[in-house]
Structures are given as structure tokens and as C-alpha cells.
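Counting in numbering that gives the first Met the number 0, the sequence shown runs without a single skipped number right up to 289 at its last residue. Here a beta-carbon is modelled for each residue, glycine too, at the ideal position from N, C-alpha and C.
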Amino acid sequence: MGDLTDTLTTPPTTHSRPLPVREDCWSEDATSTLIDAWGRRYLELNRGNLRQKDWQDVADAVNALHGHTKKTHRTDVQCKNRIDTIKKKYKIEKARVSSSDGNIVSSWTFFERLDSLIGSNVSAKKLPPQPSPSLSPSPPVAVPIYYKKTTPPPSTAIVALPQKRPTPAMDEGFFRRNYSAMAAAAAASAEDDVEDEDDEEEEEEEEERESEEVAEREGMRRLARAIERFGEVYERVEREKVRQMVELEKQRMQFAKDLEVQRMNMFMDTQVQLERIKHGKRSRSNDMYS
0 MGDLTDTLTT PPTTHSRPLP VREDCWSEDA TSTLIDAWGR RYLELNRGNL RQKDWQDVAD
60 AVNALHGHTK KTHRTDVQCK NRIDTIKKKY KIEKARVSSS DGNIVSSWTF FERLDSLIGS
120 NVSAKKLPPQ PSPSLSPSPP VAVPIYYKKT TPPPSTAIVA LPQKRPTPAM DEGFFRRNYS
180 AMAAAAAASA EDDVEDEDDE EEEEEEEERE SEEVAEREGM RRLARAIERF GEVYERVERE
240 KVRQMVELEK QRMQFAKDLE VQRMNMFMDT QVQLERIKHG KRSRSNDMYS
């Protein structure tokens with residue numbers, strides 16, 4: 000019994016091993032800095048789409064304050080994905096607040112800041128023009144018989160009007176329910192349209208980034224090929240220059256050798272002629288004395 004009590008009262012042993020954390024998770028401070036940097040650039044571009052250079056500036060601003068480690072360093076793609084996630088969450092919060100007729104206030108930290116940046120765009124897309132219930136309580140999908148301008152025959156009017164016209168209380172409740180249902184359906188449809196438009200914009204931006212990356216890679220390949228061809232031409236020119244210098248050196252050495260041989264031959268010929276002249280003089284002297 001004591002063992003059972005100890006088992007029930009003793010809390011389960013917790014492991015000291017920490018839970019895995021995604022490397023791309025964002026802290027609240029980093030998200031706040033990201034929204035500030037993106038919002039400034041977004042307003043500078045007159046609420047237009049940011050380009051790759053703009054996203055790189057946003058990432059640099061975030062990394063300047065929070066990118067002190069490898070895990071917290073953010074790229075331009077990570078910043079854009081984070082902003083897209085924040086936009087989607089804001090649209091969900093905006094739809095929830097709008098459908099509550101002011102009864103719900105969003106407790107999300109960044110709701111007010113996102114609402115000041117993109118709230119007008121979302122409201123313009125999500126809220127189609129609707130008639131005011133106080134001015135026209137009737138739903139736009141049906142028109143009561145008594146609103147028709149054409150007057151039916153007397154017998155038909157006398158029989159149809161008392162049977163089909165509801166009491167004022169039933170009429171107001173019926174139209175109010177229809178109005179709420181239609182407003183919710185219109186908001187859901189508008190939200191789907193906005194999400195589809197955002198998805199299309201994201202796909203277009205992704206395709207544009209991919210085309211820019213492909214063009215940049217193609218330009219780098221062309222530059223590499225041009226540098227390689229220039230290196231080959233330069234190498235051939237240098238080899239030809241070395242070959243010509245070696246050939247000239249060989250010709251110079253051969254010329255010097257031939258010149259030396261010719262000089263030696265001339266010297267030998269001169270010595271032979273001098274010996275002949277001396278030998279002739281000796282012969283004539285001997286003939287005279289004899």
C-alpha cells in the first residue's frame with residue numbers, strides 16, 4: 000500500500016534532454032524588428048511588392064539586432080516567408096474581429112501594426128458593398144410581392160397578400176438571419192479570393208526570383224567561359240613567345256659559332272701564308288750563299 004501511495008504521489012521523472020527546437024523559429028523581438036523593417040520599406044514603395052534587394056535589406060536590419068548566432072541569422076527568403084505567415088494570420092484575425100460586429104478584440108501582439116499597414120487593403124477586398132439593415136432590411140436575394148410595381152388582379156392580390164406577408168417581428172428576424180449568413184458567406188468568399196490572389200502573387204514573385212536566379216547563373220557561366228577562353232588564348236600567346244625566344248637564342252648561338260669558325264679559318268689561312276712567305280725567303284737566301 001505504501002508503494003502504491005508513493006507511486007501515485009511521486010511526480011514522473013523528467014528527462015534533462017531539451018526538446019528539439021526548429022532553427023528557423025522566430026522570437027517575438029525578432030518578429031517585431033522584421034515587421035518594422037518590412038513596414039518601412041513597404042511604405043517607401045507605396046505599398047508595393049518588395050524585390051529581392053529590398054528583402055535583403057530587411058534581412059540585414061534583422062540580423063544587425065538579432066543575427067548574432069548561426070541559428071538566429073536570417074536570409075531574405077526566410078524573412079519573406081515569415082511576413083507571408085504573419086499576413087495570413089492577420090487576415091484570419093481580421094475576419095474573426097469583423098464577423099463579431101465589434102464584440103471581439105484581437106489579443107494578438109502585432110494585430111494593430113499589421114492593421115495600420117495592410118488593413119485598408121484587406122478591408123477593401125473583404126468587405127463588398129452591402130445595404131444597411133436599418134434602411135433596407137430585405138435580403139438582396141429575394142423581393143417580396145408587395146414591392147412589385149405591377150399590380151396583380153384584385154382577386155389574386157386579396158388572396159396572396161394576407162397569406163405570404165409575414166408579421167413585422169418575423170420579417171425582421173428572418174432578414175437579420177439571412178443578412179448575417181450572407182455577410183459571413185461574403186466574408187469567407189472574399190477571404191478565399193484574397194488568399195488566392197496572395198498565392199498568385201507569391202507564385203509570380205517566386206517565378207520572377209527563379210528567372211532572375213537562372214539569368215544570374217547563366218551570366219556567371221558565360222563570364223566563366225569567357226575567362227577560360229581568355230586564359231587559353233593568353234597561354235597560347237605565352238607559349239608562342241617562349242618558343243620564338245628559344246628559336247632566336249638558337250639562331251644567335253649558331254651565328255656566333257659560325258662566326259668563330261670563320262675567324263679561326265681566316266687566322267689559320269693567314270698563318271699558313273705567312274709560313275710560306277718565310278719559307279720562300281729562306282730558300283732564296285740559301286741559294287744566294289751557295
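query                                                                                                                                                                  : result
Taking Cβ positions, are Asp56 and Arg40 nearer each other than 8 Å?                                                                                                   : yes
Whole-angstrom Cβ separation of Leu113 and Ile91, contact assumed at under 8 Å?                                                                                        : Their Cβ separation, rounded to whole angstroms, is 11 Å, which puts Leu113 and Ile91 out of contact at 8 Å.
Specify whether the stretch 58-65 and the stretch 96-114 touch according to this definition: at least 3 beta carbon pairs, one from each stretch, less than 8 Å apart. : no
Find the nearest neighbour of His72 within the set Lys79, Arg281, Ala58 and Glu274, judged by alpha-carbon distance.                                                   : Ala58
Which residue spans inside the stretch 15-97 form an unbroken alpha helix (DSSP H) run of at least 4?                                                                  : 27-43 and 51-65
If you check the beta carbons only, do Glu295 and Asn48 fall under 8 Å apart?                                                                                          : Outside the modelled stretch of the chain, which goes from 0 to 289, sits residue 295, for which no answer is possible.
DSSP on Phe109, reduced to helix/strand/coil?                                                                                                                          : coil
Classify Lys93: buried if its beta carbon has 16 or more other beta carbons within 10 angstroms, exposed otherwise.                                                    : buried
Compare the beta carbon distance of Ala60 and Thr30 with 8 Å and say whether it is the shorter of the two.                                                             : no
Rounded to whole angstroms, what's the CA-CA distance from Val241 to Val232? Just pull it up for me.                                                                   : 14 Å
According to the neighbour-count rule (16 or more other Cβ atoms, all chains shown, within 10 Å of its Cβ), is Lys79 buried or exposed?                                : buried
How should His278 be labelled, buried or exposed, when 16 other C-beta atoms within 10 angstroms of its C-beta is the threshold for buried?                            : exposed
Can you look up Ala159 in the DSSP assignment and give me helix, strand or coil?                                                                                       : With a pLDDT of 43 at Ala159, under the threshold of 50, the predicted position of this residue should be treated as unreliable, and no value is reported.
Quick one: what's got a C-beta closer than 6 Å to Trp37's C-beta in the same chain, skipping five residues either side?                                                : Val57 and Ile82
Give the straight-line distance between the Cα atoms of Met244 and Thr74, rounded to the nearest whole angstrom.                                                       : 55 Å
Checking 8 Å against the spacing of the C-beta atoms, do Glu211 and Gln77 come in under that value?                                                                    : no
Rounded to whole angstroms, what's the CA-CA distance from Gln272 to Val260? Just pull it up for me.                                                                   : 18 Å
Taking the straight line between their C-alpha atoms, what separation do you get for Glu239 and Met252?                                                                : 20 Å
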